[in-house]
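Student: Residue numbers (my numbering): 557 to 873.
By construction, the Cβ of each residue, glycine as well, lies at the ideal position given by its N, Cα and C atoms.
(1) Which complete alpha helix (DSSP H) runs does the stretch 687-758 hold, if anything under 4 residues is left out?
(2) What's the C-alpha gap between residue 642 and residue 589?
(3) Compute the beta-carbon to beta-carbon distance between residue 796 and residue 853, rounded to the nearest angstrom, for a pair I have assumed lies under 8 angstroms.
(4) Do residue 670 and residue 557 have their CB atoms nearer than 8 angstroms?
(5) Give the DSSP-derived three-state secondary structure of residue 585 in the structure shown.
(6) May I have the straight-line CA-CA distance separating residue 585 from residue 763, to the nearest angstrom?
(7) Exposed or buried, residue 560, counting other C-beta atoms within 10 Å across all chains shown (16 or more means buried)?
(8) Taking the beta carbon of residue 694 as the centre, do at least 16 other beta carbons fall within 10 Å, making it buried, or is it exposed?
(9) Where DSSP assigns a beta bridge to residue 787, which residues make up the other side?
(10) To the nearest angstrom, report how far apart residue 803 and residue 743 are at their CA atoms.
(11) For residue 767, which residues in the same chain have their Cβ closer than 6 angstroms to its Cβ, ignoring the five residues on either side in sequence?
(12) Could you tell me the alpha carbon to alpha carbon distance between residue 612 and residue 684, rounded to whole angstroms?
(13) How should residue 783 be labelled, buried or exposed, when 16 other C-beta atoms within 10 angstroms of its C-beta is the threshold for buried?
(14) Whose C-alpha, out of 855, 865, 788, is nearest the C-alpha of residue 822?
(15) DSSP three-state call for residue 664: helix, strand or coil?
(16) Let me make sure I understand the geometry here. Which of 724, 644, 564, 592 has the alpha-carbon closest to that of residue 777?
(17) Fully enclosed by the stretch 558-622, which alpha helix (DSSP H) runs are 4 residues long or longer?
(18) Where residue 761 and residue 810 are concerned, what is the direct C-alpha to C-alpha distance, given to the nearest angstrom?
(19) How many Å lie between residue 800 and residue 720 at the Cα?
(20) Whole angstroms are fine: how far does the CA of residue 729 sit from the CA of residue 772?
(21) Output needed for residue 687: all residues of its chain with C-beta closer than 6 angstroms, excluding positions within five of it in sequence on either side, in chain order.
(22) Should the stretch 639-657 be called in touch with the stretch 612-621, which here means at least 3 C-beta pairs below 8 angstroms?
(23) Label residue 740 either buried or exposed according to how many other C-beta atoms from any shown protein chain fall within 10 Å of its C-beta, with 16 as the threshold for buried.
(24) Out of 867, 700, 871, state which residue places its alpha-carbon closest to the alpha-carbon of residue 566.
(25) Per DSSP, what kind of secondary structure is residue 829 in: helix, strand or coil?
(26) Would you decide whether residue 858 is buried or exposed? Buried here means 16 or more other CB atoms lie within 10 Å of its CB.
(27) If distances are taken between C-alpha atoms only, which option among 722, 654, 658, 571 comes closest to residue 595?
(28) In whole angstroms, what is the alpha-carbon distance linking residue 738 and residue 610?
(29) I need the DSSP call for residue 781, collapsed to helix, strand or coil.
(30) Note down the Cα distance separating residue 713 from residue 636, rounded to an integer number of angstroms.
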């Protein structure tokens with residue numbers, strides 16, 4: 557199982573290589589990368605969310621799966637607690653480094669990177685579970701994450717990010733399933749070939765297929781901008797051990813005892829072992845933070861996770 561997972565993870569990382577090469581050769585620059593990211597986040601990812609949710613859930617089964625966002629939020633909370641303990645033990649005095657350490661401890665790569673692995677291992681059903689769970693992760697980013705980056709204060713306007721296009725795609729899918737439930741329609745009518753609804757749904761589904769490759773290209777381009785020298789920091793290595801080993805082991809231990817179905821456990825365990833979030837690079841520029849530390853942790857945790865993720869998951873799934 558370890559070898560199978562290792563090959564799967566390495567192949568996902570290889571999908572980043574075209575992005576890194578494109579950026580190095582100036583086929584992509586910061587401006588075009590920003591445009592590509594907007595297409596992915598504003599159009600393609602909402603299409604994926606809608607198509608996967610309506611294909612794999614009914615309104616009733618979605619309500620019964622309330623625990624998925626809760627677990628996702630819980631994983632972030634475990635990371636935050638681990639970060640607080642580490643900051644206390646290792647006496648991190650710099651305010652910018654302190655809040656960056658806490659943010660990287662708490663918020664990991666909960667969507668695009670695990671999405672590629674889940675699609676490979678579990679197909680559409682697993683993808684639906686992962687995508688619904690991201691509601692909790694998004695809530696964690698814009699409540700707990702903003703609480704950390706703003707110096708342990710919180711602004712209600714941060715919650716406006718819960719109206720982002722991906723979240724609107726999720727809300728629209730939930731609304732669609734609720735309407736079907738209320739009027740006793742079978743959501744499966746979207747699959748009836750030859751109908752206008754099926755043609756529209758197929759177009760949405762085809763667009764959604766571009767999410768993973770484009771996400772990996774963007775990730776490769778962003779990571780290629782990071783200097784290798786930025787990982788030569790003991791706090792970067794400390795954070796990497798915390799985020800890739802200690803937090804995942806604590807999270808999967810708790811998840812293993814939860815009274816939920818086996819597939820949901822496996823998907824949430826995959827989320828738990830992921831490296832830090834790529835979005836931390838952007839958020840640190842907007843809200844402040846130790847940019848060199850954040851860049852270093854992004855690079856190192858993504859490299860090390862090629863080994864740590866398969867090693868932990870091999871015993872669990």
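Tutor: Taking the definition as stated:
(1) 702-705, 721-738
(2) 35 angstroms
(3) Indeed, because the Cβ distance is near 6 angstroms, the residues count as touching under 8 angstroms.
(4) no
(5) coil
(6) 24 angstroms
(7) Residue 560 comes out exposed.
(8) buried
(9) Paired residue(s): none; residue 787 is not in a bridge.
(10) 39 angstroms
(11) 600, 601, 604
(12) 6 angstroms
(13) Exposed is the call here.
(14) Nearest option by C-alpha distance: 865.
(15) strand
(16) 592
(17) Taken in chain order, the complete alpha helix (DSSP H) segments of 4 residues or longer contained in the stretch 558-622 are 558-570, 573-580, 586-595, 601-612, 615-620.
(18) 35 angstroms
(19) 28 angstroms
(20) 25 angstroms
(21) 605, 608.
(22) No: the two stretches stay apart, fewer than three of their Cβ pairs being nearer than 8 angstroms.
(23) exposed
(24) 867
(25) coil
(26) buried
(27) 722
(28) 15 angstroms
(29) coil
(30) 22 angstroms
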